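Engineer:
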Amino acid sequence: MKKYLNNIITSLICFLFVILLNFALPRMLPGNPIAYLSGFAEEEMTSVQIEYYRNALHLDDSLPEQFIHYLRSLTDGTLGYSFKKKANVSDLIGEKVIVTLQITLPAVILSTFLGLVWGMASGYRKDSSFDKTSTTGLIILNAAPSFLLALVLVILFGFHWKILPYKGLSSSSMVPGKPGFVTDRILHLLLPVMTLVLAMLPSRYLLMRSSVRAATNERYILYAKQRGLSDRKIKYHYILRNIAQPFISMVGMSVSMCIGGSLVIENIFSINGMGKLLSDAVYTLDYPLMQGILFVTTGICVLSIIFTDITCILADPRVRYMERGQEA
Amino acid sequence: MTRDRIALLVFGCFPLAFFMVMAFFPGIFTSYGLKDMNKPWLTPSADHILGTNSLGYDIFTELVYGAKETLLIGLASSLFMLALGAMIGMLSTLPGLPGILFNGLINVFMLLPHLITLIVISAFIGHSAAELIILIALFGWVGTARNVRARVIHLNSQPFIESCTIQGFSRIHVIFHHILPNLYDLLLFRFLLGVNSCIMMESTLSFLGIGDVYTPTWGTMVNLAYKRGAFMRRAYNYLPPPGVCIMLLSLSFYFISMAVEARREQIDL
Chain A
1 MKKYLNNIIT SLICFLFVIL LNFALPRMLP GNPIAYLSGF AEEEMTSVQI
51 EYYRNALHLD DSLPEQFIHY LRSLTDGTLG YSFKKKANVS DLIGEKVIVT
101 LQITLPAVIL STFLGLVWGM ASGYRKDSSF DKTSTTGLII LNAAPSFLLA
151 LVLVILFGFH WKILPYKGLS SSSMVPGKPG FVTDRILHLL LPVMTLVLAM
201 LPSRYLLMRS SVRAATNERY ILYAKQRGLS DRKIKYHYIL RNIAQPFISM
251 VGMSVSMCIG GSLVIENIFS INGMGKLLSD AVYTLDYPLM QGILFVTTGI
301 CVLSIIFTDI TCILADPRVR YMERGQEA
Chain B
329 MTRDRIALLV FGCFPLAFFM VMAFFPGIFT SYGLKDMNKP WLTPSADHIL
379 GTNSLGYDIF TELVYGAKET LLIGLASSLF MLALGAMIGM LSTLPGLPGI
429 LFNGLINVFM LLPHLITLIV ISAFIGHSAA ELIILIALFG WVGTARNVRA
479 RVIHLNSQPF IESCTIQGFS RIHVIFHHIL PNLYDLLLFR FLLGVNSCIM
529 MESTLSFLGI GDVYTPTWGT MVNLAYKRGA FMRRAYNYLP PPGVCIMLLS
579 LSFYFISMAV EARREQIDL
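Here you go:
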């Protein structure tokens, strides 16, 4: 229990670290913070404008006061103001997060499930030809950068066989409310999700396989086999329960990797999500927007880590029973 | 040396040697210069193995010259990352508050969303090749630090370290003469894996347009190919080759690291 609590505390510290980083970056770097915080070049601004931004950004106050203003902007639901796009950062991000989550969530779930079942099968029948071929294949897949995977999938499914759409999230004629909107959306999501699953799968498979391999040397497996239990029962009732914890933790941590991967994928499939927003922000030097995106993604990652830690607590009987023992 | 290990080494070293030669002697592979103009969008032929791009540059030549930059960034940032990881890993085993603080640092960096943090910071600081090398290393040392920490904790409990302490050797002496030599194979393994992850990180950043355009790596090549419309023109000779090269290079480092790992298991440290 203490271990998980520590984890949760660390993730909160991580969150704080990002907040501090966001606050410090524009203020500590050489150059005028006005340029960083507004996103406009200093030379192009009139003195009136500079005065306006100086006031709007509270740059005349002392650092602690500025920090309080910054914290307030995080808690009042705006996450700051993008002067380039003339909108609150939270409004800009809000609609895009849902798009990105539509790609990442199915990918996380699918790759976890596949990695678990496949890794279990290979690890349990260790050094069989099935194990060897799938491990070699997945190691090679692991080395492929995600943009290469996306390109190959688009070339195969989009250009060559022409069976799946590879651009955007909906066909241009589709609007919500039209029949077939959901089917259309799912068809459009297939390729991006597939790319992300292929990118995430190898690490999960390899972790699962190596822990199952180690577990099969344990005596309780030998005993279970002697009792004549079915392979299925041994795999999912005996091994899985013992090795679930590192796997679940890893899934929680990989959410951040998954969001990172979706940045690349959104660029290739021209999907208008967070990745697109971030590239736009980088190209137009919209610093407040970038900081907002960093804040939101860290938030999502921290939430997913807390969620998986709670899952670990619920899944691990050792932790549960210890709690009860202490209460009694 | 088992047969598996030799196979791994051969599979690993062969592509690596090939890319190394490419990096040091690009002239062997191609007779064109980087900026030699030809007709744009030529398809592959005997004259141009991979055809030409939108500006008429020979794609294969770009690929050959990209090997050096890619390897340079990968090796340099991995070396830097290794030093950082080893240092912080050892510091985190200190007794008392400093140890707890450094261990906390490791845990915090493990949870950060690396790619996005890197993108945001490089947008603030800039993204020349040197800055990229440092930034990638600054956000990649966590795995090394964790491994080093585990190993140092294990070593500290060993009798030979204990007897050193009893004989009155200073901690500094013990670290440099007894602990570091025992970390050698672990560091080698992490270095090879690190090159792999640095190359991946760099190519992803370059693909997203956050790379140094003056020292074009393979990732930058894909990004430029994408921007110049190779995707819509279905120029299969332009987009995938740099990606495949990245994959081969990263595989070769992975195989060599597996061979190192196999030796470690045999010695059973």
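Quick note, the sequences are listed as chains A and B, same order. Mind the numbering: the first sequence is residues 1 to 328 in the working numbering, read in order. Mind the numbering: the second sequence is residues 329 to 597 in the working numbering, read in order. We treat Cβ as the ideally placed atom computed from N, Cα and C, and that holds for glycine. Note that this is a predicted model, so its numbers are computed, not measured.
At a cut of 8 Å, does the segment 420-439 of chain B reach the segment 386-406 of chain B through at least three beta carbon pairs?
Structural biologist: no
Engineer: Could you work out which residue in B/I401, B/P487, B/M528 is closest to B/I461 when comparing CA atoms only?
Structural biologist: On the second sequence, position 133 is the one that residue 461 of chain B refers to. Closest option to B/I461, Cα to Cα, is B/I401.
Engineer: Kindly confirm or deny that the segment 333-351 of chain B and the segment 367-381 of chain B touch, where touching means at least three C-beta pairs closer than 8 Å.
Structural biologist: no
Engineer: So, using beta-carbon positions, are A/F23 and A/F83 closer together than 8 Å?
Structural biologist: Position 23 of the first sequence, counting from 1, holds the residue named residue 23 of chain A. Position 83 of the first sequence, counting from 1, holds the residue named residue 83 of chain A. No, these two residues do not count as a Cβ contact at 8 Å.
Engineer: When you check each C-beta in the segment 302-318 of chain A against every C-beta of chain B, which residues fall closer than 9 Å?
Structural biologist: V302, I305
Engineer: Check whether the Cβ of B/L336 lies closer than 7 Å to any heavy atom of the ligand FMN, and answer yes or no.
Structural biologist: For the structure depicted, the ligand FMN is absent and the ligand set is empty, with no information on it obtainable.
Engineer: Within 10 angstroms of its Cβ, does B/A345 collect 16 or more other Cβ (buried), or is it exposed?
Structural biologist: As a working note, residue 345 of chain B is residue 17 in the second sequence. It counts as exposed.
Engineer: Spell out whether any CB of chain A is found under 8 Å from the CB atom of B/I444.
Structural biologist: To locate residue 444 of chain B, count along the second sequence from 1; it is residue 116. With 8 Å as the cut-off, B/I444 counts as an interface residue toward chain A.
Engineer: Taking 8 Å as the threshold (beta carbon to beta carbon), is A/P145 in contact with chain B?
Structural biologist: On the first sequence, residue 145 of chain A is found 145 positions in, with the first residue counted as 1. Chain B, which has a Cβ nearer than 8 Å to the Cβ of A/P145, makes this yes.
Engineer: Using a Cβ cut-off of 8 Å, pull out every chain A residue sitting near B/Y582, in sequence order please.
Structural biologist: Here residue 582 of chain B refers to the residue found at position 254 when the second sequence is read from its first residue. Chain A residues near B/Y582: I139, N142, A143.
Engineer: For A/L12 and A/T298, I'd like the C-alpha separation in whole angstroms.
Structural biologist: Position 12 of the first sequence, counted from the start, is the residue given in the question as residue 12 of chain A. Position 298 of the first sequence, counted from the start, is the residue given in the question as residue 298 of chain A. Inter-residue distance for A/L12 and A/T298 is about 10 Å (C-alpha atoms, whole angstroms).
Engineer: Does chain B have any CB closer than 8 Å to the CB of A/S38?
Structural biologist: As a working note, residue 38 of chain A is residue 38 in the first sequence. So, not an interface residue.
Engineer: Check A/S82 in the structure and name its three-state DSSP category.
Structural biologist: One-based indexing of the first sequence puts residue 82 of chain A at position 82. If DSSP states are grouped into helix, strand and coil, A/S82 belongs with the strands.
Engineer: Spatial neighbours of B/F583 within its chain, please: C-beta separation below 6 Å, excluding the five flanking residues on both sides.
Structural biologist: The sequence position of residue 583 of chain B within the second sequence is 255, counting from 1. These residues qualify, in order along the chain: L336, F339, G340.
Engineer: Please state whether the Cβ-Cβ distance between B/L579 and A/C14 is less than 8 Å.
Structural biologist: Against the second sequence, residue 579 of chain B aligns to sequence position 251. Against the first sequence, residue 14 of chain A aligns to sequence position 14. Contact flag unset, no.
Engineer: Would you list, in chain order, the members of the segment 547-567 of chain B that have their beta-carbon closer than 7 Å to a beta-carbon of chain A?
Structural biologist: Residues of the segment 547-567 of chain B that bring their beta carbon within less than 7 Å of a beta carbon in chain A comprise V550, R562, Y564, L567, in sequence order.
Engineer: Quick one: give me the first and last residue of the alpha helix (DSSP H) that A/R227 is part of.
Structural biologist: As a first step, residue 227 of chain A is located in the first sequence; it is residue number 227 there, counting from the start. Looking at the DSSP string, A/R227 is not in any alpha helix (DSSP H), and its letter there is neither H nor E.
Engineer: Spatial neighbours of A/A328 within its chain, please: C-beta separation below 8 Å, excluding the five flanking residues on both sides.
Structural biologist: Taking the first sequence and counting its residues from 1, one reaches residue 328 of chain A at position 328. For A/A328, the predicted model reports a pLDDT of 40, less than 50, meaning its position is unreliable; a value from the coordinates is still stated below. Hits under 8 Å: none found.
Engineer: Mapping DSSP to helix, strand and coil, what is B/A294?
Structural biologist: With chain B covering 329 to 597 only, the question about residue 294 of chain B has no answer from this structure.
Engineer: Is the segment 144-153 of chain A close to the segment 570-579 of chain B, with three or more CB pairs under 8 Å?
Structural biologist: yes
Engineer: Drop a sphere of 10 angstroms on the beta-carbon of B/M586, count the other beta-carbons inside from all chains shown, and report buried for 16 or more, exposed for fewer.
Structural biologist: Against the second sequence, residue 586 of chain B aligns to sequence position 258. When all chains shown are included, B/M586 counts as buried.
Engineer: From this set, B/T398, B/Y566, B/G571, which residue's C-alpha is nearest B/D386's C-alpha?
Structural biologist: Locating residue 386 of chain B in the second sequence gives position 58, where the first residue counts as 1. Relative to the Cα of B/D386, the nearest Cα in the group B/T398, B/Y566, B/G571 belongs to B/Y566.
Engineer: Whose C-beta lies closer than 6 Å to the C-beta of A/I234 among residues of the same chain, with five residues either side of it excluded?
Structural biologist: As a first step, residue 234 of chain A is located in the first sequence; it is residue number 234 there, counting from the start. Result list for A/I234: A224, in chain order.
Engineer: When you check each C-beta in the segment 237-257 of chain A against every C-beta of chain C, which residues fall closer than 9 Å?
Structural biologist: Included in the structure are the protein chains A and B, with no chain C among them.
Engineer: Whose C-beta lies closer than 8 Å to the C-beta of B/I447 among residues of the same chain, with five residues either side of it excluded?
Structural biologist: By one-based count along the second sequence, residue 447 of chain B stands at place 119. Hits under 8 Å: L533, L536, I538.
Engineer: Quick one: list the residues of chain B neighbouring A/S279, beta-carbon separation under 8 Å, in chain order.
Structural biologist: Taking the first sequence and counting its residues from 1, the one referred to as residue 279 of chain A is at position 279. By Cβ distance, chain B contributes L536, G537.
Engineer: Buried or exposed for B/A478, please, with buried defined as at least 16 other CB atoms from any protein chain shown within 10 angstroms of its CB.
Structural biologist: Against the second sequence, residue 478 of chain B aligns to sequence position 150. Only exposed fits B/A478, as fewer than 16 other CB atoms lie within 10 angstroms of its CB.
Engineer: DSSP three-state call for B/T380: helix, strand or coil?
Structural biologist: By one-based count along the second sequence, residue 380 of chain B stands at place 52. Strand.
Engineer: May I ask you to list, following chain order, the residues of the segment 176-196 of chain A that have a beta carbon less than 8 Å from some beta carbon of chain B?
Structural biologist: Answer set for the segment 176-196 of chain A: empty.
Engineer: Taking 8 Å as the threshold (beta carbon to beta carbon), is A/Q291 in contact with chain B?
Structural biologist: The count along the first sequence starts at 1 and reaches residue 291 of chain A at position 291. Chain B, which has a Cβ nearer than 8 Å to the Cβ of A/Q291, makes this yes.
Engineer: Have a look at B/D513 and B/V523 and give me their C-alpha separation to the nearest angstrom.
Structural biologist: Taking the first residue of the second sequence as position 1, residue 513 of chain B is located at position 185. Taking the first residue of the second sequence as position 1, residue 523 of chain B is located at position 195. Distance between the alpha carbons of B/D513 and B/V523: 16 Å.
Engineer: Output yes or no for whether 8 Å exceeds the beta carbon distance between B/P570 and B/V588.
Structural biologist: Residue numbering aside, residue 570 of chain B sits at position 242 when the second sequence is read from its first letter. Residue numbering aside, residue 588 of chain B sits at position 260 when the second sequence is read from its first letter. In this structure, B/V588 does not lie closer than 8 Å to B/P570 by Cβ.
Engineer: Find the residues of chain B that neighbour A/L20, judging by a C-beta separation of less than 9 Å, and give them in chain order.
Structural biologist: Counted from its first residue, the first sequence places residue 20 of chain A at position 20. In chain order: nothing, as chain B lies at least about 11 Å away.
Engineer: Against B/M409, what residues of chain A qualify as contacts under a CB-to-CB distance less than 8 Å, listed in chain order?
Structural biologist: Here the question's residue 409 of chain B lines up with position 81 in the second sequence. Near B/M409 there are no residues of chain A at all, since even the closest Cβ is about 18 Å away, more than 8 Å.
Engineer: Looking at the structure shown, is B/A563 part of a helix, part of a strand, or coil, going by DSSP?
Structural biologist: Within the second sequence, numbered from 1, the residue matching residue 563 of chain B stands at position 235. Here B/A563 sits in coil by DSSP.
Engineer: For B/K367 versus B/T380, is the C-beta distance shorter than 8 Å?
Structural biologist: Taking the second sequence and counting its residues from 1, one reaches residue 367 of chain B at position 39. Taking the second sequence and counting its residues from 1, one reaches residue 380 of chain B at position 52. Cβ distance < 8 Å, so B/K367 and B/T380 count as in contact.
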